[in-house]
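Below is one structure, written out as structure tokens; comments come after it.
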């Protein structure tokens, strides 16, 4: 019998699958979508026994007619997923959310196959809200009754963790695609950071990489500027403080690394979920939070001046469970 992992669309969802699958001993099947980032992550990943990419698409972001067509498409894809689950003798299906999780999740429910949901965000996504009453287990780092109180973060982020003792370096990250607001702000605050002797690591995104590099050159500042990178755990380990978006995977990777962070949520995220992700940490006194429209140099410098790097870094390291991915895999094997 096999374990089926489904969901994706964005790197945040897919990172959970990438972390959990490393600890699963049974045959693993992946069911995702031809849209989004699913194929880029897993099309050539031979750790899966089989990989399927269906024509699934989002329903919620469409007009009335678009919703009707999307729902008809979903019904067809559920039938496809039912055939896959039967053929591979699925004993459990784990969904990480996103529209590409819908066909296999609904197929599991109709076949009586146990469904396990991993919700990555503090604000539950639309699909997971619908599926939650039918799930055997609902895993969330934000809910006290979760069977596993951990986020599935890759082990490398824990291995490179450290307690910060002084403020010498800063990481400013808008993700691999970049964020214009964070890029503009980084260039605005860079002269003051440089004056203070603070080394800047700036993830500007592939599309903006060359223009941002040129602007740093014009400022005469020797910053480390990059777009997409597979070296983020190592870069995080070098940083003493971060300014970043608050997507769930990014947030919990920063926590795992013990890196104090000012979160600037993406203002157009569905359900404002990035804001609620960051607020979860802020309410515990473990992070800082500014809306994008509030992002001003003097406010950030005030935070930098008052942050107790060592205390905050130490407390962050107690929050995330380094065995989260392993425990989720164990739970799936036990169903």
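Residue numbers (the numbering used here): 20 to 354. A virtual CB, placed ideally from N, CA and C, is assigned to each residue, including glycine.
- By the Cβ rule, the segment 335-349 counts as touching the segment 271-278, because three or more pairs are nearer than 8 Å.
- Nearest C-alpha to residue 163 among 90, 299, 204: 299.
- A contact between stretches requires three or more CB pairs, one per stretch, nearer than 8 Å, and the segment 91-99 fails this requirement with the segment 137-150.
- Counting C-beta pairs closer than 8 Å gives fewer than three between the segment 163-173 and the segment 214-234, which falls short of the contact rule.
- The beta-bridge partner set that DSSP reports for residue 190 consists of 220, 261.
- Nearest in C-alpha terms to residue 20, of all of 35, 47, 52, 32, is 47.
- Annotation note: the segment 226-288 contains the following uninterrupted alpha helix (DSSP H) runs of length 4 or greater, listed N- to C-terminal: 228-238, 251-257, 267-276.
- Among the bridge pairs identified by DSSP, residue 112 is matched with 23, 134.
- Per DSSP, the beta-bridge partners of residue 157 are 136.
- Of the residues 236, 240, 207, the one whose Cα lies closest to the Cα of residue 216 is 240.
- Cα atoms of residue 297 and residue 287: separation of roughly 15 Å, rounded to the nearest angstrom.
- With fewer than 16 other Cβ atoms inside 10 Å of its own Cβ, residue 327 counts as exposed.
- If you check the CB distance, residue 256 and residue 179 come in under 8 Å.
- In the structure shown, residue 93 falls within a helical segment according to DSSP collapsed to helix, strand and coil.
- The C-alpha of residue 317 is placed about 40 Å away from the C-alpha of residue 60.
- Take residue 114, set aside five residues on each side of it, and the residues of its chain with a beta-carbon closer than 6 Å to its own are 25, 26, 120, 124, 136, in chain order.
- Listed in chain order, the non-local C-beta contacts of residue 176 below 6 Å within the same chain comprise 252, 272, 275, 276, local neighbours out to five positions each way being set aside.
- In this model, residue 205 and residue 284 are separated by some 15 Å (Cα to Cα).
- The continuous stretches of alpha helix (DSSP H) do not include residue 67, and DSSP gives it neither H nor E.
- The beta carbon of residue 182 is closer than 8 Å to those of 277, 329, 332, 333, 336 in its chain, skipping five residues each way along the sequence.
- Measuring C-alpha to C-alpha distances from residue 35 to each of 158, 303, 306, 134 identifies 158 as the nearest.
- In terms of Cβ geometry, residue 200 and residue 311 form a close pair [threshold 8 Å].
- At a Cβ-Cβ threshold of 8 Å, residue 101 and residue 76 do not count as neighbours.
- Counting the other CB atoms within 10 Å of its CB gives residue 88 a total below 16, which places it among the exposed residues.
- Rounded to the nearest whole angstrom, the CA to CA distance from residue 315 to residue 185 is 23 Å.
- The residue among 260, 345, 344 with its C-alpha nearest the C-alpha of residue 305 is 260.
- Comparing C-alpha distances from residue 108 to each of 219, 132, 341 shows the shortest one belongs to 132.
- Straight-line measurement puts the Cα of residue 28 at about 24 Å from the Cα of residue 191.
- The beta carbon of residue 122 sits closer than 6 Å to the beta carbons of 73, 75, 96, 97, 100 from its chain, once the five residues preceding and following it are set aside; these are given in chain order.
- Across the structure, residue 79 and residue 90 are spaced so that their CA atoms are roughly 10 Å apart.
- Taking a C-beta distance under 8 Å as the contact criterion, residue 350 and residue 211 do not qualify as a contact pair.
- By the criterion of a C-beta distance shorter than 6 Å, residue 307 is surrounded in its chain by 281, 322, once the five residues flanking it on both sides are discounted.
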